[in-house]
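Undergrad: Under the working numbering, read the sequence shown as residues 270 to 485, first letter to last.
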Amino acid sequence: MDDFLKERLVKYDTWLDRGQISFSSKIIPIRESLSARQWVLPSEQVLNILQNAQSIAVQKCGCRVHFSRCNKPLDVCFLLNKTGEHAIGKGQARSVSLPEAADILRKADEHGLIHLTLYRPDHEIYALCNCCPCCCHDLQLMKIYNRQDLVVRSEYVAMTDKDLCINCGKCVERCIFDARTFDDSQMLYNSGLCLGCGLCVTVCPARATVMELRDP
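1. Per DSSP, what kind of secondary structure is aspartate 484 in: helix, strand or coil?
2. Determine the burial state of alanine 305: buried for a count of at least 16 other Cβ atoms within 10 Å of its Cβ, exposed for fewer.
3. Is it true that the stretch 409–425 meets the stretch 277–296, where meeting means three or more beta-carbon pairs spaced less than 8 Å apart?
4. Which same chain residues end up closer than 7 Å to alanine 362 when comparing Cβ atoms and leaving out the 5 residues on each side of it in sequence?
5. What does DSSP give as the partner residue(s) for arginine 449 in the beta ladder?
6. Please confirm whether alanine 322 and asparagine 340 have their CB atoms less than 7 Å apart.
7. Taking only runs of the beta strand (DSSP E) that begin and end inside the stretch 336–422, which ones reach a length of at least 3 residues, in chain order?
8. Looking at the structure shown, is isoleucine 318 part of a helix, part of a strand, or coil, going by DSSP?
9. Indicate whether arginine 443 and cysteine 463 have their beta-carbon atoms separated by less than 7 Å.
10. Helix, strand or coil for lysine 280 per DSSP?
11. Can we say the stretch 272–287 touches the stretch 368–387, given the rule of at least three CB pairs closer than 8 Å?
12. Which residues does DSSP list as the beta-bridge partners of methionine 428?
13. Should the stretch 474–483 be called in touch with the stretch 395–412, which here means at least 3 C-beta pairs below 8 Å?
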């Protein structure tokens with residue numbers, strides 16, 4: 270295992286063993302995927318998190334800087350409150366307004382990045398990252414090393430109307446959790462594997478896929 274991942278895993282397992290955290294990160298649906306469901310948004314929706322922060326900073330994604338396995342945007346990782354202020358003081362991040370943060374989120378969606386909130390032992394969200402599966406430490410630990418206990422799914426699940434689906438494959442390309450596959454030119458969907466990121470919704474030209482609450 271890469272030392273970068275090993276360091277993260279040792280930290281997480283220490284916190285888990287002490288009962289200080291229940292998980293390391295949580296999937297948050299991209300805002301655009303929920304545009305038709307604003308009235309049922311959970312409290313942990315990405316713009317709500319940023320709006321409720323006392324201050325927002327953005328820095329380069331440490332995972333993509335370390336692994337350099339893709340050309341996804343780097344300046345997309347948000348640090349909140351004291352964590353962000355500390356990073357700004359060290360010259361590692363810069364302060365951003367809420368409108369600029371919203372623009373960064375839109376760019377992240379265009380590049381197929383998913384939102385992950387990161388937690389410390391005090392259960393406070395200290396970072397909101399926009400992640401790719403090839404570089405993100407938590408997604409790698411989950412997918413490659415079978416640590417599904419570290420990443421919690423969102424309150425939402427994608428639902429696809431097969432009568433509307435045109436089997437274009439755009440959602441299959443976007444799904445990083447292998448919930449969508451092709452078989453004889455037909456899109457197959459296993460909702461049990463969906464973690465609720467919403468990336469499939471924003472690329473569906475037929476509007477066949479929507480996000481629904483798992484437990485209304």
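Even for Gly, the Cβ is constructed at its ideal location relative to N, Cα and C.
TA: With the given structure in hand:
1. coil
2. Caution applies to alanine 305, whose pLDDT of 45 falls short of 50 and renders its modelled position unreliable; the model cannot decide the point.
3. yes
4. Ala326, Val327, Gln328, Leu348, Gly353, Ala356
5. Tyr458
6. no
7. 344–349, 383–388, 394–400
8. helix
9. no
10. helix
11. no
12. Val479
13. no
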